[in-house]
């Protein structure tokens with residue numbers, strides 16, 4: 009994200025510019041689709057529906073543009089390329105994230121309209137002492153790196169705040185994420201073509 013330019017309000021697909029909903033809720037929803045445990049066919053149907061709602065053509069090029077917008081201007085997300093436990097889940101951690109934004113920035117996420125890129129920048133810069141940041145540390149800390157006298161405490165915190173699943177999209181490289189999404193999209197499109205999808 010640049011200090012000198014406003015973040016984009018549109019997505020370019022094959023040379024055509026499409027104004028889109030840039031609000032953080034829409035793109036948290038997009039991430040939710042990609043990381044859900046639903047069947048790939050159902051995920052693809054939800055991605056198609058989101059493309060339609062955003063006014064984008066249902067195509068692989070649109071998906072590529074959506075993933076690029078989702079990733080934002082930075083080439084890497086915090087923790088990209090690592091393999092490890094999920095640090096956060098927007099749905100399960102919504103109360104902690106809400107209170108963190110209200111406390112740190114006086115932003116009420118229940119009413120605020122906030123560009124996805126701005127939301128991500130603010131989320132990544134939350135103060136270390138807010139509850140969600142502490143919880144993310146509990147989830148991701150390696151117990152082997154914790155002093156012996158604190159291991160029991162951190163083991164307890166990791167268990168208390170554990171999220172289902174092993175890894176999160178934040179721990180994929182951008183290239184991994186892009187490839188994964190495109191493979192799922194292509195598989196689902198083939199199934200739809202032969203009548204396996206509605």
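In this note's numbering, the protein residues as written are 9 to 206. A virtual CB, placed ideally from N, CA and C, is assigned to each residue, including glycine. Model, not experiment: these values are computed from the prediction.
query	result
Neighbourhood of residue 40 by C-beta distance below 8 angstroms, restricted to the same chain and skipping five residues each side	98, 99
Neighbourhood of residue 22 by C-beta, 7 angstroms cutoff - its chain only, sequence neighbours within 5 removed	69
Residue 181, DSSP secondary structure in three states	Any reading at residue 181 needs caution, since the residue's pLDDT is 44, under 50, leaving its predicted position unreliable; the model's value is listed next. Here residue 181 sits in coil by DSSP.
Residue 65 versus residue 148 - alpha carbon distance	39 angstroms
Limits of the unbroken beta strand (DSSP E) element including residue 25	24-27
Check whether residue 207 and residue 30 have beta carbons under 8 angstroms apart	Residue 207 lies beyond the residue range present for the chain, which begins at 9 and ends at 206; the question has no answer from this structure.
Distance CB(residue 36)-CB(residue 26) smaller than 8 angstroms	no
Cβ neighbour criterion (16 or more within 10 Å) applied to residue 118	exposed
Buried or exposed (CB count within 10 angstroms, at least 16 for buried), residue 94	buried
Bounding residues of the alpha helix (DSSP H) (the contiguous stretch that carries residue 21)	Unbroken run through residue 21 is the beta strand (DSSP E), 18-21; no alpha helix (DSSP H).
Beta bridge counterpart(s) of residue 31 as assigned by DSSP	123
Assigned exposure category for residue 101 - 16 Cβ within 10 Å defines buried	buried
Nonlocal neighbours in the same chain, by C-beta distance under 6 angstroms from residue 171, ignoring five residues either side	94, 97
For residue 37, the three-state DSSP class (helix, strand or coil)	helix
Extent of the continuous alpha helix (DSSP H) run through residue 94	Looking at the DSSP string, residue 94 is not in any alpha helix (DSSP H), and its letter there is neither H nor E.
Exposure of residue 12, with buried meaning 16 or more beta-carbon neighbours within 10 Å	exposed
Touching by the beta-carbon criterion (3+ pairs, under 8 angstroms), the stretch 102-122 and the stretch 133-153	yes
Local conformation of residue 111 per DSSP, three classes	helix
Proximity winner among 162, 156, 152, relative to residue 145 (alpha-carbon distances)	162
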